[in-house]
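Numbering (the working numbering), first residue to last: 52 to 496.
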Ligand SMILES: Cc1ncc(COP(=O)(O)O)c(C=O)c1O
């Protein structure tokens, strides 16, 4: 793939939203990781998702370093695979020394096929099935994070004959409502996730009576796309109160506090870049002080970022296939939409975008980016300032790495996009475009 000397290129407008290796040449063409983005769409077609390996690795390192620097106990960063998981990404995450949270048998299967170290895998889920728990136990994963008492009963039955107990953590609903869209709040009292605080004793009784499992950690996840850090300090307090209660009433010593994920990232220029050091300092400090106050030993601090590891590394590319002028604005119809990115339809997520071959042209009009799917709600961006765009041009949407492809569907039987990983001028297809044959592969007739 063509790669121009970097001195001929400059950072893009709104650089904080694009992968770290993004630049724009004098002609206004977008480059990522040394690759000409529009040229990649010629080669692989659209819709196309690009991932910049350097940006993923940098996010992993920044997170690991920040938590190691700001906490004097041990720390572990587990990537939340629900944000995006495929074999290539899992291998990068493993290579960077992170752990992995899976939330289904399918995610566990991909992790195992990627050769992810099993001890570094944790399994989440509020409705784990018998088969999924069996699969996790057979794989020998590092921890199962139990969500509810029924799961605990199932796990006790499945592990009754084990000689070495399976480490488990308890997910607690800490009764803290974080400031984000209601659909991605998870720590409030009425959340479907996690044990209510008043069920902690019942869980502890069941755990104490079970020889096949060993309670090692407590977990809380407040929600996603959070910018306010204060609720995390409150969540640590709730978790440590629970740890102290387990010690005092049941003689159980908790070794690990898991503060979940949720670190917000900017999708548009009015949102701030994440300050990972500030998150690490707040969590580290809350844990040290909280343990001291309760006479608890220093515990391992675990976090589970998904979005803040992968969102910025991904760029979605679409072709503008048609337009619809209205008196006050124009729709640009693209060849993707809610099938590959349901976030705007699901929870009003906002994005920006640019023309991949005219990054430096002055903006001239306000457009709405309409997806191709048969839903009026399939509008990817409602008010985007762009140069006067033409049919056939390539639209690039930054910050498209998280909760897009992992939520993709084949609605309207439109095949899912190809995925390309970019690194230092090399582009590697890591997931081919879905074919019509794929669409009927499960049909029986
Ligand atoms: C239990 C748990 N941990 C971690 C995450 C990752 O959150 P984020 O991608 O916002 O960092 C999620 C996402 O919803 C989650 O449910």
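Just so you know, even glycine gets a beta-carbon here, dropped at the ideal spot from N, CA and C.
Who pairs with residue i in a beta bridge, going by DSSP?
{"i": "residue 142", "result": "For residue 142, which the question treats as bridged, DSSP gives no partner whatsoever."}
{"i": "residue 474", "result": "477"}
{"i": "residue 369", "result": "446"}
{"i": "residue 82", "result": "74 and 87"}
{"i": "residue 218", "result": "265"}
{"i": "residue 374", "result": "383"}
{"i": "residue 277", "result": "314"}
{"i": "residue 483", "result": "Paired residue(s): none; residue 483 is not in a bridge."}
{"i": "residue 417", "result": "436"}
{"i": "residue 270", "result": "222 and 309"}
{"i": "residue 194", "result": "173"}
{"i": "residue 405", "result": "447"}
{"i": "residue 247", "result": "224"}
{"i": "residue 213", "result": "None; residue 213 has no bridge partner."}
{"i": "residue 467", "result": "For residue 467, which the question treats as bridged, DSSP gives no partner whatsoever."}
Buried or exposed, going by whether 16 or more other CB atoms sit within 10 Å of the CB of residue i?
{"i": "residue 53", "result": "Because residue 53 sits at a pLDDT of 41, beneath the cut-off of 50, its placement in the model cannot be relied upon, and the following sentence gives the value as read from the coordinates. Residue 53 is exposed by the Cβ-count criterion."}
{"i": "residue 74", "result": "buried"}
{"i": "residue 56", "result": "Residue confidence is low: residue 56 scores 44 on pLDDT, short of 50, so the model does not pin down where it sits. No coordinate-derived value is stated."}
{"i": "residue 97", "result": "buried"}
{"i": "residue 377", "result": "exposed"}
{"i": "residue 129", "result": "buried"}
{"i": "residue 202", "result": "buried"}
{"i": "residue 493", "result": "exposed"}
{"i": "residue 315", "result": "buried"}
{"i": "residue 63", "result": "buried"}
{"i": "residue 317", "result": "buried"}
{"i": "residue 10", "result": "There is simply no residue 10 to check, as the chain begins at 52 and stops at 496 in what is shown."}
{"i": "residue 486", "result": "exposed"}
{"i": "residue 375", "result": "exposed"}
{"i": "residue 59", "result": "exposed"}
{"i": "residue 324", "result": "exposed"}
{"i": "residue 436", "result": "exposed"}
{"i": "residue 343", "result": "exposed"}
{"i": "residue 293", "result": "buried"}
{"i": "residue 291", "result": "buried"}
{"i": "residue 69", "result": "buried"}
{"i": "residue 240", "result": "exposed"}
{"i": "residue 417", "result": "exposed"}
{"i": "residue 214", "result": "exposed"}
{"i": "residue 276", "result": "buried"}
{"i": "residue 395", "result": "buried"}
{"i": "residue 495", "result": "exposed"}
{"i": "residue 477", "result": "exposed"}
{"i": "residue 243", "result": "exposed"}
Assuming residue i and residue j are in contact, meaning their beta carbons sit under 8 Å apart, how far apart are those beta carbons, in whole angstroms?
{"i": "residue 195", "j": "residue 161", "result": "The pair is not a contact, with the Cβ atoms about 18 Å apart (cut-off 8 Å)."}
{"i": "residue 353", "j": "residue 127", "result": "5 Å"}
{"i": "residue 207", "j": "residue 257", "result": "7 Å"}
{"i": "residue 245", "j": "residue 229", "result": "So it is not a contact: roughly 13 Å between Cβ atoms."}
{"i": "residue 11", "j": "residue 171", "result": "In the structure displayed, the chain extends from 52 to 496; residue 11 sits before or after that span and is not available."}
{"i": "residue 422", "j": "residue 452", "result": "Residue 422 to residue 452, Cβ: 18 Å. No contact."}
{"i": "residue 210", "j": "residue 264", "result": "5 Å"}
{"i": "residue 238", "j": "residue 284", "result": "That belief does not hold up - the Cβ atoms of residue 238 and residue 284 are roughly 13 Å apart, past 8 Å."}
{"i": "residue 415", "j": "residue 351", "result": "At roughly 54 Å, the Cβ-Cβ gap does not stay under 8 Å, so residue 415 and residue 351 are not in contact."}
{"i": "residue 420", "j": "residue 432", "result": "4 Å"}
Between which two residues does the alpha helix (DSSP H) holding residue i run?
{"i": "residue 288", "result": "281-301"}
{"i": "residue 339", "result": "327-345"}
{"i": "residue 494", "result": "Careful: residue 494 lies outside any alpha helix (DSSP H) and carries neither H nor E."}
{"i": "residue 159", "result": "156-164"}
{"i": "residue 147", "result": "That residue, residue 147, is in no alpha helix (DSSP H); it is neither H nor E in DSSP."}
{"i": "residue 359", "result": "358-361"}
{"i": "residue 210", "result": "200-210"}
{"i": "residue 396", "result": "394-398"}
Along the chain, where does the beta strand (DSSP E) that runs through residue i open and close?
{"i": "residue 425", "result": "Here residue 425 belongs to no beta strand (DSSP E), and DSSP marks it neither H nor E."}
{"i": "residue 131", "result": "126-131"}
{"i": "residue 150", "result": "150-153"}
{"i": "residue 103", "result": "99-103"}
{"i": "residue 173", "result": "172-174"}
{"i": "residue 352", "result": "351-354"}
{"i": "residue 307", "result": "307-309"}
Quiz item: So does the region 357-369 actually touch the region 291-309, counting three or more Cβ pairs closer than 8 Å?
Solution: No, the region 357-369 is not in contact with the region 291-309.
Quiz item: Taking three-plus beta-carbon pairs below 8 Å as touching, is the region 396-408 in contact with the region 79-96?
Solution: Per the Cβ contact rule, the region 396-408 is in contact with the region 79-96 (3 or more Cβ pairs under 8 Å).
Quiz item: Are at least three pairs of beta-carbons, each pair with one atom in the region 111-118 and one in the region 327-346, less than 8 Å apart?
Solution: Yes, the region 111-118 is in contact with the region 327-346.
Practice problem: Answer yes if the region 367-376 comes into contact with the region 136-151, meaning at least three C-beta pairs across the two stretches below 8 Å, and no otherwise. | Solution: Verdict: no, contact absent.
Quiz item: Is the region 471-479 touching the region 454-463, taking contact as three or more C-beta pairs under 8 Å?
Solution: No contact exists between the region 471-479 and the region 454-463.
Quiz item: Would the region 276-290 and the region 333-341 be scored as touching if the rule is three or more Cβ pairs under 8 Å?
Solution: Three or more beta-carbon pairs drawn from the region 276-290 and the region 333-341 are found closer than 8 Å, and the two stretches are therefore classed as touching.
Quiz item: Taking one C-beta from the region 134-147 and one from the region 374-392 each time, how about it: are there three or more such pairs within less than 8 Å?
Solution: Because the criterion of three Cβ pairs below 8 Å is not met, the region 134-147 and the region 374-392 do not touch.
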